[in-house]
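**Q**
2 protein chains.
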Amino acid sequence: MTDTFQFKLLATDGKARRGEVSMPRGTIRTPAFMPVGTVGTVKAMYLDQVRELGADIILGNTYHLMLRPGAERVARLGGLHELIRWPFPILTDSGGFQVMSLSGLRKLDEQGVTFKSHIDGALHHMSPERSIEIQGLLDSDIQMQLDECVALPASPKEIERAMEMSLRWAERCKAAFGDQPGKAMFGIVQGGDIPHLRVRSAEALSGLGLKGYAIGGLAVGEPQEVMLDMIDTTIPHLPTEKPRYLMGVGTPDDMLKSVARGIDMFDCVMPTRSGRHGLAFTRRGRINLRNARHAEDMRPLDEESTCPAARDYSRAYLHHLVRANESLGGMLLTWNNLSYYQDLMAGIRKAIEEGRFADFMAETQEMWARGDLAPL
Amino acid sequence: MTDTFQFKLLATDGKARRGEVSMPRGTIRTPAFMPVGTVGTVKAMYLDQVRELGADIILGNTYHLMLRPGAERVARLGGLHELIRWPFPILTDSGGFQVMSLSGLRKLDEQGVTFKSHIDGALHHMSPERSIEIQGLLDSDIQMQLDECVALPASPKEIERAMEMSLRWAERCKAAFGDQPGKAMFGIVQGGDIPHLRVRSAEALSGLGLKGYAIGGLAVGEPQEVMLDMIDTTIPHLPTEKPRYLMGVGTPDDMLKSVARGIDMFDCVMPTRSGRHGLAFTRRGRINLRNARHAEDMRPLDEESTCPAARDYSRAYLHHLVRANESLGGMLLTWNNLSYYQDLMAGIRKAIEEGRFADFMAETQEMWARGDLAPL
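From first to last, the protein sequence lines are chains A and B.
For the first sequence, the working numbering assigns the number 1 to the initial residue and increments by one for each residue that follows.
For the second sequence, the working numbering assigns the number 1 to the initial residue and increments by one for each residue that follows.
1) Rounded to whole angstroms, what is the Cα-Cα separation between L210/B and R283/B?
2) Going by C-alpha distance, which of F360/A, I159/A, W335/A, H277/A is nearest H319/A?
3) Mind listing which residues of the stretch 319-336 of chain B have their C-beta closer than 9 Å to chain A's C-betas, in chain order?
4) Run through chain A and tell me which residues come within less than 7 Å of V39/B, C-beta to C-beta.
5) Which residues mark the beginning and the end of the alpha helix (DSSP H) in which N336/B is found?
6) So K43/B contacts chain A; which residues on that side make the cut at Cβ distance below 9 Å?
7) Would you mind reading off the limits of the alpha helix (DSSP H) that contains V322/B?
8) From V150/B to A202/B, what distance separates their C-alpha atoms?
9) DSSP has Q143/A in a bridge; who is on the other side?
10) I want to see whether chain B comes within less than 7 Å of L77/A, judged by CB atoms only; does it?
11) In this structure, how does DSSP classify T62/A when only helix, strand and coil are distinguished?
12) Does the stretch 71-89 of chain B come close enough to the stretch 283-297 of chain A to have 3 or more Cβ pairs within less than 8 Å?
13) Expressed to the nearest angstrom, what Euclidean distance is found between the alpha-carbon atoms of M126/A and L108/A?
14) Pick out whichever of M23/A, Y213/A, E353/A has its Cα sitting closest to the Cα of D147/A.
15) Check D229/A in the structure and name its three-state DSSP category.
16) Near P87/A, which residues of its chain fall below 7 Å by C-beta distance, leaving aside the five closest residues on each side in sequence?
17) Have a look at S206/B and P239/B and give me their C-alpha separation to the nearest angstrom.
18) Taking the alpha-carbon of L338/A as reference, which of R290/A, W368/A, R273/A, L321/A has the nearest alpha-carbon?
19) Taking the alpha carbon of E133/B as the point to measure from, which residue in K15/B, N291/B, T41/B, K174/B has its own alpha carbon closest?
20) DSSP three-state call for S206/B: helix, strand or coil?
21) Is there contact between the stretch 251-260 of chain B and the stretch 346-365 of chain B, where contact requires at least three CB pairs shorter than 8 Å?
22) Does the distance from the CB of P35/A to the CB of A55/A come in under 7 Å?
23) So, helix, strand or coil for D3/B, using DSSP?
24) Could you spell out the range, first to last residue, of the beta strand (DSSP E) harbouring S274/A?
25) Bridge partners of Y213/A, per DSSP?
26) Which stretch, first to last residue, makes up the beta strand (DSSP E) that contains G112/A?
27) Applying a beta-carbon distance threshold of less than 8 Å, which residues of chain A neighbour I84/B?
28) Could you spell out where the beta strand (DSSP E) holding M126/B opens and where it closes?
29) What's the gap between the Cα of R29/B and the Cα of E164/B?
30) Which one or two residues does DSSP pair with T30/A in a beta bridge?
31) If you draw a straight line from the C-alpha of E225/B to the C-alpha of A316/A, how long is it?
32) Taking the Cβ atom as the reference point for each residue, do T92/A and G60/A lie within a distance shorter than 7 Å?
33) Do A176/A and I142/A have their beta-carbon atoms positioned less than 7 Å apart in this structure?
34) Comparing C-alpha positions only, which one of I235/B, D179/B, P153/B sits nearest to V189/B?
35) Suppose you measure from the CA of L53/B to the CA of M270/B; what does that come to, to the nearest Å?
36) Enumerate in chain order the residues of its own chain whose CB-to-CB distance from L152/A is below 7 Å, with the five nearest sequence positions on each side excluded.
Okay, here's the thing in structure tokens:
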């Protein structure tokens, strides 16, 4: 029987790939950007809007969802898709990253991690098996292995230890996930900034024959060059016929350069979080709406955008809303930013199909470098 | 020349009135509820949504807008309608109420009030003339006189002093407003809970021949009965052919009972503020979404509503969003609440037209009393 979870490579242009990840709930056009729906909501957006912008898939955070509303509760309510009204694909992370970054009192060993909820201080234990169980209760379409993501800089010894344990956890997650046609469990390449550890991780994971592979532990503060080097080091050791997901990345420039290296999927809180803090991503680069230069500028962010937030609202109004901490400011800038991110991915996909990705990348970067409209 | 600002009485049913306030920017169907757009935004809503729910007019707060973005700035940007993208009528309050309730260091005398901004501590002075000037800079369609609203309980002497000064300020505001066809300046009846002071205020204001009359200083903590008594006391002393606006009111029940007494216009932060705090107004009364009974209830707030927020989202999801302090919770509940308020006003208007307002009121109150759906 053919698995209803499939990856199809439609076109390549240099190392850049245009593909489709299909599964019963829908097809993800790659390269794809996945908006982050942290705790069952893409913050400050209606999910109908997120869909209309062209998102084929959103991401849910297992750590947040297991604490609230709780995985068993979500399962009783028919799963995450049903609860949040998003019938399309959902990817969930393993929860490991947020356990490390948000929760208190972590005890981590081969068995898994024990941590205190940042909400009520309750103790929780998460093993590789429990992470997969939770993601199953959420009814996630693409599930991620539990891994240990060490903060850089770290000693080579520490990076290696965490990477090797993550490999063992990948095997346990694979066993726990079992055979689920139409769904996938992705492994995560670790190894910090040490090339031979990245190679070892990618090769060992590839040997497991998983349905997709992520590169984790990057975009955690290191220079962009290091991130790109690690991508270049890793990708040759991943199978061509499986999707490649760069976790937690990134800026529009990060995404362009990563697509050029063969990455297919991205997620990042940047467009949503920045939007709530007054920052707009546009064709002409980033625009900080808090800046006084916008206070009496009645021009829109981008008169050529098809997104109402970018095209119909003045910078002066956005500036006012941001300064006054009004929620509509975050609603409009998040909308603009997700629109820009999805438009960028659509442009990337089209350029790869047409064999002009390098030109598209150069033109896009040139527009950013030219910068915003001159002040009035 | 006929003034393009007009009030037309279309039907009456007992003391309840069905009318139209028309002006160049649009027609307000009365009885009308005006959503509060505090500082140039109806919080957590796109104004397109507010319009679609049936709002003919929104309210702007002069105090907030004069501080941020500032009245002169708004004027340079083409006025408030242009800035916020609401081409329909706007009513602005005088700023007096918020000066009393929000700002520090108030010095109030016959000339006006000096106060400190709650944002940056800067000193501002507002006289009756400056209030009208600011409302003109905002390009407000219905402007309110500056008045002094004393907090109840207060001594009769204090209430009378404030009421008499508010009358003198009404005359000064009338002179400052001058002759502006298509726009209006409303006077505000004061007098606290003392009937003969309310009568004195209403009669003196009526003598000024203003285009509309508000009843102020109510719904500030007194029992509903006192408020209704003061409305009954006041209305016979206001002209029939002018619109009557009950400021800052109120609950759906307050509005029904006030319409029954001849009130035409309302504004209140209740549907928007309550929505951000987890409270839903529905046909079946108020529903507190924080309550654990909703945690696994996949039924919508109101399956018969035409508002997506009420009809398409489950109580379980709303409960989750409210508990997790997610902005989408406030967005959806505000949407639901404004929808309910506008639907209620539409129902009221239809009932008056059809001469069955008393029945409509009784049926509506009975539905509220019957309460919410039984828990699952």
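From the three backbone atoms N, C-alpha and C, an ideal C-beta is built for every residue, glycine too.
**A** Looking at the coordinates:
1) Within the second sequence, numbered from 1, the residue matching residue 210/B stands at position 210. Within the second sequence, numbered from 1, the residue matching residue 283/B stands at position 283. For L210/B and R283/B, the distance between alpha carbons rounds to 37 Å.
2) The count along the first sequence starts at 1 and reaches residue 319/A at position 319. That would be H277/A, whose Cα lies nearest to the Cα of H319/A.
3) H319, H320, L321, R323, A324, E326, S327, L328, G329, G330, M331, L332
4) Indexing the second sequence from 1 puts residue 39/B at position 39. Ordered by position in chain A, the residues that pass the 7 Å Cβ test against V39/B are A324, E326.
5) Within the second sequence, the letter at position 336 stands for residue 336/B. From DSSP, the alpha helix (DSSP H) with N336/B extends over 327-353.
6) Against the second sequence, residue 43/B aligns to sequence position 43. Under the 9 Å cutoff, chain A gives E326, S327, L328.
7) In the second sequence, counting from the first residue as 1, residue 322/B sits at position 322. Segment 315-323, the alpha helix (DSSP H) holding V322/B.
8) Here residue 150/B refers to the residue found at position 150 when the second sequence is read from its first residue. Here residue 202/B refers to the residue found at position 202 when the second sequence is read from its first residue. Those two C-alpha atoms are separated by around 17 Å.
9) Residue numbering aside, residue 143/A sits at position 143 when the first sequence is read from its first letter. Partner(s): T92/A, M185/A.
10) Here residue 77/A refers to the residue found at position 77 of the first sequence. Closer than 7 Å to some Cβ of chain B, the Cβ of L77/A qualifies, so yes.
11) As a first step, residue 62/A must be located in the first sequence, where it is residue number 62. Helix at T62/A.
12) Yes: the two stretches touch, three or more of their Cβ pairs being nearer than 8 Å.
13) Numbered from its first residue, the first sequence carries residue 126/A at position 126. Numbered from its first residue, the first sequence carries residue 108/A at position 108. C-alpha separation (whole angstroms): 10 Å.
14) Translated into the one-based positions of the first sequence, residue 147/A becomes position 147. Distances from the alpha-carbon of D147/A to those of M23/A, Y213/A, E353/A put Y213/A closest.
15) In the first sequence, the residue the question calls residue 229/A occupies position 229. Looking at D229/A - three-state DSSP - the assignment turns out to be helix.
16) Within the first sequence, the letter at position 87 stands for residue 87/A. Here the set comprises R25, H81.
17) Counting from 1 along the second sequence, the entry for residue 206/B is found at position 206. Counting from 1 along the second sequence, the entry for residue 239/B is found at position 239. Straight across, the Cα-Cα distance linking S206/B with P239/B is about 7 Å.
18) What you label residue 338/A is simply residue 338 of the first sequence in a count that begins at 1. It is R273/A whose Cα lies nearest to the Cα of L338/A.
19) The count along the second sequence starts at 1 and reaches residue 133/B at position 133. If we check each option's Cα against that of E133/B, K174/B comes out closest.
20) Within the second sequence, residue 206/B is the residue found at index 206, counting from 1. Note: S206/B maps to helix in three-state DSSP.
21) As far as the Cβ criterion goes, the stretch 251-260 of chain B touches the stretch 346-365 of chain B, which means the pair count is three or higher.
22) Counting from 1 along the first sequence, the entry for residue 35/A is found at position 35. Counting from 1 along the first sequence, the entry for residue 55/A is found at position 55. In contact: P35/A and A55/A (Cβ atoms closer than 7 Å).
23) Your numbering for residue 3/B matches position 3 in the second sequence. D3/B: coil per DSSP, three-state reduction.
24) Numbered from 1 along the first sequence, position 274 holds the residue referred to as residue 274/A. Unbroken run through S274/A is the alpha helix (DSSP H), 270-276; no beta strand (DSSP E).
25) As a first step, residue 213/A must be located in the first sequence, where it is residue number 213. According to DSSP, which records beta bridges pairwise, Y213/A is partnered with G187/A, R244/A.
26) The residue you call residue 112/A lines up with position 112 of the first sequence. First-last of the beta strand (DSSP E) with G112/A: 112-116.
27) Numbered from its first residue, the second sequence carries residue 84/B at position 84. The answer, in chain order, is Y317.
28) What you label residue 126/B is simply residue 126 of the second sequence in a count that begins at 1. Note, M126/B: beta strand (DSSP E), 123-126.
29) For the purposes of this step, residue 29/B is identified with residue 29 of the second sequence, where counting begins at 1. For the purposes of this step, residue 164/B is identified with residue 164 of the second sequence, where counting begins at 1. Their Cα atoms are separated by approximately 32 Å.
30) Residue mapping note: residue 30/A aligns to position 30 of the first sequence, counting from 1. Paired residues: G19/A.
31) Taking the second sequence and counting its residues from 1, one reaches residue 225/B at position 225. Taking the first sequence and counting its residues from 1, one reaches residue 316/A at position 316. So the alpha carbons of these two residues sit roughly 45 Å apart.
32) For this step, residue 92/A is matched to residue 92 along the first sequence. For this step, residue 60/A is matched to residue 60 along the first sequence. Yes; because the gap between Cβ atoms is below 7 Å, this pair is in contact.
33) As a first step, residue 142/A is located in the first sequence; it is residue number 142 there, counting from the start. As a first step, residue 176/A is located in the first sequence; it is residue number 176 there, counting from the start. Result no, Cβ atoms of I142/A and A176/A do not sit closer than 7 Å.
34) Stepping through the second sequence from its first residue, residue 189/B is reached at position 189. Of the candidates I235/B, D179/B, P153/B, the one whose C-alpha sits nearest the C-alpha of V189/B is I235/B.
35) The residue you call residue 53/B lines up with position 53 of the second sequence. The residue you call residue 270/B lines up with position 270 of the second sequence. Whole-angstrom Cα-Cα distance: 16 Å.
36) Position 152 of the first sequence holds residue 152/A. Within the same chain, L152/A has close Cβ partners G192, D193, V220, G221, E222.
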